[in-house]
Amino acid sequence: MKKMSFYPTIWSTVPFAPNAIGDWYAEERTIKELILKNEAATTLKVSEMLLNITKFSAIDADDKEHFIMDFPGQNPVSLKGIPSGTFLRSKSVLSLPAGHYTKLRFYLAGWGNQFVYEDGLEESANTFDRLDFAIEDGFQVEGGEATEVKLWFDFAPFQWKRHFKPLTDLFMRSKSPRPRLANSFGN
């Protein structure tokens, strides 16, 4: 009998999304990568956001807002953290006037917004009308240097034990005091 090695976790440890393999064979182009952070999301340990974005803007170093794009009738967009290997691409960010930018702002519709926390708990986020994401180390637009921008979101990774939550909930409910059979017959 032939012995075969099997490594079931090989694909789960690759730090790329499945669509990243196609990028390896694409033509060479310059891409800027921005890491976006939201202080509230870091504090609350948000791992994923489902946002119904209506407008998208950038805030420069002088706190002036530059609108990039409107999304009329947009369906919710899923924003996942760096550990998931997914990101958003944008060519319209590079259409900004030359300058130094510190934040990206997403304006939200009053419906369809949701936060997913590291333990898998989902919560409505319809009370927010906008979310600001700080750009790590800022972003300098000079014009003509890149063709597109990758937006990475610095969210908390999902906890591995969230998959076992239904099982742990079953045992947590059964922690009520039980009669001891050995002592129930009397002495």
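Numbering (numbering that gives the first Met the number 0), first residue to last: 0 to 186.
No residue lacks a Cβ here, since even glycine has one placed at the ideal position from N, Cα and C.
Remember, predicted model here, so these are calculated numbers, not experimental data.
| message | I'd like the list of long-range same chain contacts for E141, defined as Cβ closer than 6 Å, with 5 residues on each side in sequence excluded. | response | A97
| field | DSSP three-state assignment for L107, whether helix, strand or coil | value | strand
| query | Once you ignore the five residues that flank N125 on each side, which residues in its own chain have a CB closer than 7 Å to its CB? | reply | G109, W110 and N112
| request: To the nearest angstrom, report how far apart V76 and M48 are at their CA atoms. | output: 8 Å
| message | Quick check: what's the CA-CA separation for Q139 versus I67? | response | 15 Å
| request: Report yes if the C-beta distance between N37 and F132 is below 7 Å; otherwise report no. | output: yes
| request: On a CA-only basis, which of A39, V92, D128 and R104 is nearest E32? Give me that one, please. | output: V92
| said: Considering only the alpha carbon of each residue, which of S89, G80, A57 and V45 lies closest to E117? | reply: V45
| field | Residue nearest to I81 in terms of C-alpha spacing, selected from T146, D61 and T41 | value | T41
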